[in-house]
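Colleague:
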Amino acid sequence: MELIISIAVIVLLLLVLIGIYNRLVALRQNVNQGVADIDAQLRQRHDLIPNLVNTVKGYAGHEQETLEQVIAARNTAAQGSMNSQDEAQLRVALDRLLALGEAYPDLKASTNFQELQRELSDVEDKLAAARRALNAAVSRYNTGRETFPAVVFASAMGFEPADFHRLDDSEKGVVDQAPKVEF
1 MELIISIAVI VLLLLVLIGI YNRLVALRQN VNQGVADIDA QLRQRHDLIP NLVNTVKGYA
61 GHEQETLEQV IAARNTAAQG SMNSQDEAQL RVALDRLLAL GEAYPDLKAS TNFQELQREL
121 SDVEDKLAAA RRALNAAVSR YNTGRETFPA VVFASAMGFE PADFHRLDDS EKGVVDQAPK
181 VEF
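For the sequence shown, counting from 1, position 143 maps to 143 in our numbering; every step adds exactly one.
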């Protein structure tokens, strides 16, 4: 009888551990998906920039320094992992590029330029949403990891706390707002 009770307790404990492990794996995958979503939006932003630069080039070809700064910032941001400092420099360079519309009324009126501007605004909105989704996934994961009984086993099973997506100074206060592009 004691043997049956011991086996039942061991099986029950094993089932609890399997449940905890599977739940934490699912939550960690949601965090990984959130990071991948942000990366995809950043890559889409980076892919739009050459089209925007080429459109501006046709109207403001002598603004070479601004165009080169945008391309250099885009290339730096597109290399390697997400780096908020590189993205902030890209944002500043893009703002300068978009500001050229004020100096060139023909550029401002260009359908191609307006469409690229709308696409960039859409990407920025999606990027903000992806950042919020990542932070929500991180919160669920960390909560799941730190609740009982998972907290007893999580570290031993290799589940480390996840970090929230931190905004740099250029992003604070604007991540939930539509990007302002004025001419």
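For each residue, glycine too, the CB sits at the ideal point set by N, CA and C.
1) State the start and end residues of the unbroken alpha helix (DSSP H) segment that holds F113.
2) So which of K126, V123, G101 has the shortest CA-CA distance to Q114?
3) Please classify I5: is it buried, with 16 or more other beta-carbons within 10 angstroms of its beta-carbon, or exposed?
4) Which class does V181 belong to by DSSP, given the choice of helix, strand or coil?
5) Check D163 in the structure and name its three-state DSSP category.
6) Taking Q44 as part of the alpha helix (DSSP H), name the residues at either end of that continuous run.
7) Which same chain residues, not among the five before or five after D106, have their C-beta less than 7 Å away from its C-beta?
Modeller: According to the data block:
1) Segment 111-146, the alpha helix (DSSP H) holding F113.
2) The residue with the shortest Cα to Cα distance from Q114 is G101.
3) Exposed is the label assigned to I5, since fewer than 16 other Cβ atoms lie within 10 Å of its Cβ.
4) Confidence at V181 is low in this model, with a pLDDT of 40, below 50, so its placement is unreliable and the value that follows should be read with caution. Shown here, V181 sits in coil according to DSSP, grouped into three states, outside any helix or strand.
5) It is coil, neither helix nor strand.
6) Counting along the chain, the unbroken alpha helix (DSSP H) around Q44 starts and ends at 2-59.
7) Excluding residues within five positions, the ones whose Cβ falls inside 7 Å are Y59.
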